[in-house]
Amino acid sequence: MTSGQRVPFEFYGTNYIFSVNQALLEGQESSTPLDRGFLSSDTYIIFEAAPNSGIKVINQKEAASSKLFKDKEFNLEKLGIGGLSSEFTDIFRRAFASRVFPPHVVSKLGIKHVKGMLLYGPPGTGKTLMARQIGKLLNGKDPKIVNGPEVLSKFVGETEKNVRDLFLDAENDQKAQGDHSDLHVIIFDEIDAICKSRGSSRDGTGVHDSIVNQLLTKIDGVEALNNVLLIGMTNRKDLLDEALLRPGRLEVHIEINLPDENGRLQILQIHTSKMRESSFLSPDVNLQELAARTKNYSGAELEGVVKSAVSFALNRQISMDDLTKPLDEESIKVTMDDFVNGLHEITPAFGASTDDLERCRLHGIVDCGKAHQHIFQRAMLLVEQVKVSRGSPLVTCLLQGSAGSGKSALAATVGIDSDFAYVKIVFEDAYKSQFSIIILDDIERLLEFVAIGPRFSNLISQTLMVLLKRVPPKGKNLLVIGTTSETTFLDSIGMSGVFSVTYEVPKLTKEDAAKVLRHLNVFDEGDVETAAEALDDMPIKKLYTLVEMAAQGPQGGSAEAIYAGEEKIDLNHFFSILSDIIRY
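Residues 62 to 645 (the working numbering) are what the sequence shown spells out, left to right.
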């Protein structure tokens, strides 16, 4: 056979002509074809149907050069993908395993290739990076990367045409080569911008509905393509049309979540590899420690930490007084202190709200009696239960008591001491972390409770009760702590019964008040018991307020000396303040 030769043959009574495109030796690169070759018992022929010929070639041996992936193995670190090995394994199994085998094997199995997958999760976790690297790994056509809003057009019908044009090359390729067509990858970034649930848009044009219909037709219609892989990415899976997520469409749903400690270590190693090779990384940098300290950091935020650390290191080499001074490149060293400074500068979007929690306990936590300490210990046992128990993915706890009795401070302390990565007041975001605490402070305020009537928001109360009963997704564990001063109201609407356990946060006894006053060290020892006697059955928050007021002195201005331990609060002045508060 000679390259370019035309050969007639007969098959089941029909005459055909085939042309020799190229000849290759087994394992030879396609860039060096042979001019001619002999037919032998080991020769196999790969048929390619001409466009619009109506011929479909089946059951032929797979060409040696038509492998799916460019490399023999996947090195995720070289690809710049860290902490996503399990997700990548799932993607390969669902979307590519069937494509590795010859088409006739898949045909005999009676299955169809996966045509679409959805990567979803918080921003900055590596969805776009993974999709682009998948496109680079494939041996077929270069992937088409489309940002969702780019498809939209102001002209009637133009948007739908833009969608059809994305699939045009794949259609022509499938007509020409049938099952042996190269794989065409189309990557939709921010797919929620164009594939919203049909009927949800109120613009009156119906454009978004038409886009969804056009995509469904191309992926899973009457003339559906089998040589495309559509990869969609979004932060808002809930906005997408349900029909798009069913089998045969974007059927593989992979959650790209916040990396765990091992994943964070891989990401930090990737972003510091070049500076390590160039000896710019100081020996005191402990990436394992940094990975442990960066709970709930996304991949993008970890990259930001590395950039911030480098900026501190570079800034040490620059003289602000003389910017023309020569720079000593060899002395650049990124130290552990630089990374610590970077952690303070770059904070995680889904981290624990430590500042908000600290504001709930401005005076810190002091020993104010056995009752408070007992409740705190029991609450920490609930934290441990959520952390280790397989049968308790959701635990809820209600702290009830009079206003100012320390419920919020107690809940905040549990949140801080739990060492959980996520401590906030948003349910959906809490599911992004494996262990999370939600604090619902003053539930009656959330429910818009007004004693006159009484009146409250039934919609909010029903929503909250549903959320408090809903079991978190698999692999997620959640502790919800609520606080309230209106126990009777919550009982009347059935809210109290939703919580797993309820603790009564008591007011201070005179013995408890004496402990707090000794801790504050603002009274003479001889006056502590007398002052504590008057504070019996008082909320701890009001005690702090009284001390703050009395510390100002009869004429004011002595508070700094009192808190510095140089002076003490006058007992008569304290009782005067106390009588005014009680009277009014």
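In this text, a Cβ means the ideal position worked out from N, Cα and C, and glycines have one as well.
For the beta strand (DSSP E) that residue i lies in, which residues bound it at each end?
i: S80; result: T75 to S80
i: R67; result: R67 to F72
i: D250; result: H245 to D250
i: E316; result: V313 to E316
i: S497; result: F496 to L501
i: M294; result: V289 to T295
i: Y564; result: V562 to E565
i: Q461; result: L455 to Q461
i: N538; result: N538 to T545
Identify, in the order they occur along the chain, each residue of the same chain with its Cβ nearer than 6 Å to the Cβ of residue i, setting aside the five sequence neighbours on each side.
i: V167; result: S159
i: S242; result: D234, Q235 and N288
i: S369; result: G403, E406 and I407
i: I426; result: T474
i: F70; result: Y77
i: K202; result: D243 and H245
i: G144; result: P320, G324, Q327 and I328
Measuring only the C-alpha atoms, how far is residue i from residue j?
i: F108; j: H314; result: 36 Å
i: G177; j: E251; result: 15 Å
i: S126; j: E138; result: Because S126 sits at a pLDDT of 39, beneath the cut-off of 50, its placement in the model cannot be relied upon, and the following sentence gives the value as read from the coordinates. In a straight line, the C-alpha of S126 is about 27 Å away from that of E138.
i: H647; j: K468; result: Summary: the structure shown does not reach residue 647, with the chain confined to residues 62 through 645, and so no result is reported for it.
i: S380; j: F341; result: 20 Å
i: K530; j: G182; result: 23 Å
i: F510; j: R155; result: 50 Å
i: S640; j: V444; result: 42 Å
i: G171; j: F162; result: 13 Å
i: V559; j: Q330; result: 45 Å
i: I280; j: I106; result: 31 Å
i: Q701; j: G115; result: For the chain, the structure presents residues 62 to 645; residue 701 sits outside this window and is missing.
i: S64; j: S80; result: 8 Å
i: S372; j: F157; result: 41 Å
i: T75; j: L95; result: 30 Å
i: C421; j: Y605; result: 13 Å
i: L85; j: E148; result: 37 Å
i: V527; j: N376; result: 52 Å
i: T474; j: M441; result: 10 Å
i: E565; j: L460; result: 6 Å
i: G626; j: A470; result: 25 Å
i: V401; j: I152; result: 35 Å
i: N82; j: P308; result: 39 Å
i: L351; j: L319; result: 16 Å
i: R325; j: A472; result: 29 Å
i: P204; j: L525; result: 44 Å
i: I292; j: D299; result: 17 Å
i: G218; j: N274; result: 13 Å
Take the Cβ of residue i as the centre, count every other Cβ of all protein chains shown within 10 Å, and call the residue buried at 16 or more, exposed below.
i: D552; result: exposed
i: Q327; result: buried
i: R439; result: exposed
i: K568; result: buried
i: Y77; result: exposed
i: L501; result: buried
i: P164; result: buried
i: Y645; result: Confidence is the limiting factor: at Y645 the pLDDT is only 40, short of 50, which leaves the residue's position unreliable, though a coordinate-based value still follows. By the 10 Å Cβ count, Y645 comes out exposed.
i: L508; result: buried
i: A111; result: exposed
i: A353; result: exposed
i: G282; result: exposed
i: D302; result: buried
i: F249; result: buried
i: R451; result: exposed
i: T721; result: In this structure the chain extends from 62 to 645, so residue 721 is not present and cannot be described.
Grab me the residues of residue i's own chain with a C-beta within less than 8 Å of its C-beta, minus the 5 sequence neighbours each way, in chain order.
i: K629; result: V583, F584, D585, D588 and I623
i: A612; result: V583, S619, A620, I623, Y624 and I630
i: D597; result: L569, T570, K571 and A574
Which residue marks the beginning of the alpha helix (DSSP H) containing residue i, and which one marks its end?
i: Y624; result: A620 to Y624
i: Y181; result: Unbroken run through Y181 is the beta strand (DSSP E), G177 to Y181; no alpha helix (DSSP H).
i: K448; result: K431 to V449
i: V346; result: Per DSSP, V346 belongs to no alpha helix (DSSP H) and is neither H nor E.
Between which residues of its own chain and residue i is the CB-CB distance below 7 Å, once the five residues before and five after are set aside?
i: S592; result: Just to set this straight, residue 592 is Ala in the shown sequence, not Ser. Same-chain partners within the cutoff: L578, F584, L632 and F635.
i: Q495; result: G536, K537 and N538
i: L455; result: V532, P533 and L539
i: L286; result: F228, A231, E232, Q235 and K279
i: S518; result: L508 and E509
i: K386; result: S380
Please confirm whether residue i has its beta-carbon closer than 9 Å to some beta-carbon of chain C.
i: S114; result: The structure shown contains no chain C; it holds only a single protein chain.
contact_flag[the segment 215-231, the segment 393-404] where n(CB pairs < 8 Å) is 3 or more:
no
Given 8 Å, three or more beta-carbon pairs between the segment 403-411 and the segment 356-367 = yes
With a threshold of 8 Å, are at least 3 pairs of Cβ atoms found where one atom belongs to the segment 511-525 and the other to the segment 464-478? no
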